[in-house]
Amino acid sequence: MSPRPLSDTLHKLMHAYRRLMLETIREQGIDLPITHIRVLKGICRIEECTAHHIASQMRRDRAQIARVVSELVKNGLIMKVTHPQDRRSQLLEPTEAGLQLRERLDQVEEAVTQRLTSPLTADEIEIFEKIAGRMTEQAALDPTHRPTEKEAG
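Following the UniProt record's numbering, the numbering of the sequence shown begins with 1 at its first residue and continues without gaps.
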């Protein structure tokens, strides 16, 4: 029997994380689609955030992000304010309710991370973070990019 390919392991980990996040979010009574949650988190994180920033960051269609933003405004989680340097542009800012929800989401992420990493040592977590970081950076590169000797480590 051949060893399981790394892609299977990565796929299983990704889906386990997503499943646990969704379950924990629902258990906490948070009734927002994942895309809405990701947009809210981006708005909370990015200074002078616009819908264009979010669409670029998430690599999503601007029309889809515009719909999500409208729903977040309607739900009282974010607000639009006129950009001080460009009156044609609107900045997106979290409301107090949006910030409180973000805190709850941070707690959910912490609980899920704790559950997944509880059998690991501190050294194993550090190694995992380094490896996952390098893999994530590699995924963001141009597909024709070939790592230099220094990048390969």
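Here a beta-carbon is modelled for each residue, glycine too, at the ideal position from N, C-alpha and C. Nothing here was measured: the structure is a model prediction, and the numbers come from that model.
Asked	Found
Identity of the residues DSSP links to Cys49 by a beta bridge	Leu92
Alpha helix (DSSP H) segment containing Thr136, residue limits	122 to 140
Three-way DSSP call (helix, strand, coil) for Ile30 in this model	coil
Beta-carbon spacing of Ala51, Val69 below 7 Å	yes
In DSSP terms, what Val81 is bridged to	Leu91
Coarse secondary structure for Asp86, derived from DSSP in three states	coil
His15 versus Ile125, Ala140, Phe128, Leu116, residue with shortest Cα-Cα distance	Leu116
The stretch 126 to 142 in contact with the stretch 39 to 59 per 3-pair CB rule at 8 Å	no
contact_flag[the stretch 79 to 91, the stretch 102 to 116] where n(CB pairs < 8 Å) is 3 or more	no
Backbone secondary structure at Arg4 - three-state DSSP	coil
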